[in-house]
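**Student:**
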Amino acid sequence: MSIILAAENWDPAPWLERFRRLGPDRPIHNASDHFAPESIHYAAVWKPKPGLLAALPNLKAIFNLGAGVDALLADKTLPDVPIIRIVNPDLTKRMTEWVTLQVLFHMRQMPAYMTQQKEKRWVQLDQPGAHEIRVGIMGMGVLGRDSADILRRIGFQVAGWSRSRHSMGGIEAFAGAAELPAFLARTDILVSLLPLTVETRGILNRDLFGKLARDGKLGAPILINAGRGASQVEADILAALDDGTLGGASLDVFDPEPLRAESLLWSHPKVIITPHVSADSTPDGLVAGVLADIAAFEAGKTLPNQIDKHAGY
Ligand code: NDP
Ligand code: OXD
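Using this note's numbering, you'd call the opening residue of the sequence shown number 10 and step up by one each time.
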């Protein structure tokens, strides 16, 4: 019951080491090694080369080493086996750290203070409290719910929007396209933790930005996106920042990645860019969980984090 590791742009060494240390009885091969395709039963992957998995005749399950499966599903030759994605407290907490950092950074007006510091200017800006700021989270999945909970505990007014309604204490729940305008109209800081699907491609666009609250304490609404880059329309973000529809943005994801050198986002004074690092997948954090999932799968258990291929996440 061998595993193949196929993680195109990652250093395979620490992953292989961790798999071998925690699962010494389970052979693992790197995709670039020589191996017998029929010996492989499980694949641990991140953006594998299209066609690679279709060439494994005895593959039983695919374990995606990240939370988002859009890149994997783009391979139209994928064999029809269960796909299990990462749901892991290590990854979730990393994302919550990043989202909380960005929300607080904008709410405490750090971009303005950093500019002032460069100019040696001492100007105390009016500072609203967290309880006066309405955060709206698009995508109330594993990641969105954890961020929502922490932000609520800091004191923000938090709401979530997703396909189905997620009721959480102290958090306003919106669901579906019909409730999107009301969700946006009460939102000062918009956080997207949406997966990339046919429905969410390009959803963060000018029309949507124009529906965000105009009466917030920050002057203009803020966009924070750590979901997927193809959900945002770069030209619309730039235009909205320049005409004041948006007051700032923090972006961790882009389309394509790396962000193109000529993109105007790099040098825009109201934009904070991080290079898709908000919630890194690490071998220390994730391999034990993948091996436990494989054991549960072999014991005939249904794995909770199997994706819905039809929905695309
Ligand atoms: P989940 O599958 O747990 O949650 C996805 C959420 O999005 C669900 O609440 C789902 O609704 C909602 N959703 C999906 N489609 C729509 C839609 N059309 N309209 C409204 N809501 C929708 O995923 P995770 O929380 O684990 O991860 C979310 C995404 O974050 C990943 O897919 C990935 O793209 C991104 N990510 C980015 C990382 C980074 O480093 N930048 C790291 C990890 C993840 P419902 O609950 O009703 O199903
Ligand atoms: C993920 C990611 O989906 O890193 O886990 O983007």
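Quick reminder that beta carbons are idealized off the backbone N, C-alpha and C, glycines included.
No experiment lies behind these values; they were computed from the predicted model shown.
Run the CB neighbour count on aspartate 245, radius 10 Å, all protein chains shown included, and call it buried at 16 or more, exposed below.
**Tutor:** Burial call: buried.
**Student:** Can we count alanine 182 as close to the ligand OXD, meaning its CB is less than 8 angstroms from some heavy atom?
**Tutor:** Outside the cutoff, so no.
**Student:** How many whole angstroms separate the CB atoms of glycine 164 and histidine 140, which I take to be in contact at a CB cut-off of 8 angstroms?
**Tutor:** Confirmed, Cβ separation roughly 5 angstroms.
**Student:** Quick one: does the C-beta of serine 201 sit closer than 8 angstroms to a heavy atom of the ligand OXD?
**Tutor:** No; taking the cut-off as 8 angstroms, the Cβ of serine 201 has no heavy atom of the ligand OXD nearer than that.
**Student:** Measuring only from the beta carbon, is aspartate 245 closer than 8 angstroms to any heavy atom that is part of the ligand OXD?
**Tutor:** For the ligand OXD, not one heavy atom lies less than 8 angstroms from the Cβ of aspartate 245.
**Student:** Give a single yes or no on whether glycine 77 has its beta carbon closer than 8 angstroms to a heavy atom of the ligand OXD.
**Tutor:** Correct: glycine 77 has its Cβ closer than 8 angstroms to the ligand OXD.
**Student:** Is serine 171 close to the ligand NDP? I mean its beta-carbon at under 8 angstroms from any heavy atom of the ligand.
**Tutor:** For the ligand NDP, at least one heavy atom lies less than 8 angstroms from the Cβ of serine 171.
**Student:** If you count every other CB in all the chains shown that lies within 10 Å of the CB of threonine 209, and 16 or more means buried, which is it?
**Tutor:** With 16 or more other Cβ atoms within 10 Å, it is buried.
**Student:** Is the Cβ-Cβ distance between isoleucine 146 and serine 201 less than 9 angstroms?
**Tutor:** The answer is yes: Cβ separation under 9 angstroms.
**Student:** Is the beta carbon of valine 167 less than 9 angstroms from the beta carbon of glycine 148?
**Tutor:** No; because the gap between Cβ atoms is not below 9 angstroms, this pair is not in contact.
**Student:** One question on the structure: do serine 11 and arginine 35 come within less than 9 angstroms of each other, judged by their Cβ atoms?
**Tutor:** Cβ atoms of serine 11 and arginine 35: closer than 9 angstroms.
**Student:** Taking only runs that begin and end inside the stretch 47 to 118, name each unbroken beta strand (DSSP E) of 3 or more residues, in chain order.
**Tutor:** Counting whole runs of 3 or more residues, the stretch 47 to 118 contains the beta strand (DSSP E) stretches 49 to 55, 70 to 73, 92 to 94.
**Student:** Round the Cβ separation of arginine 154 and methionine 177 to the nearest angstrom and send it over; I've been treating them as touching at under 8 angstroms.
**Tutor:** The pair is a contact, with the Cβ atoms about 6 angstroms apart (cut-off 8 angstroms).
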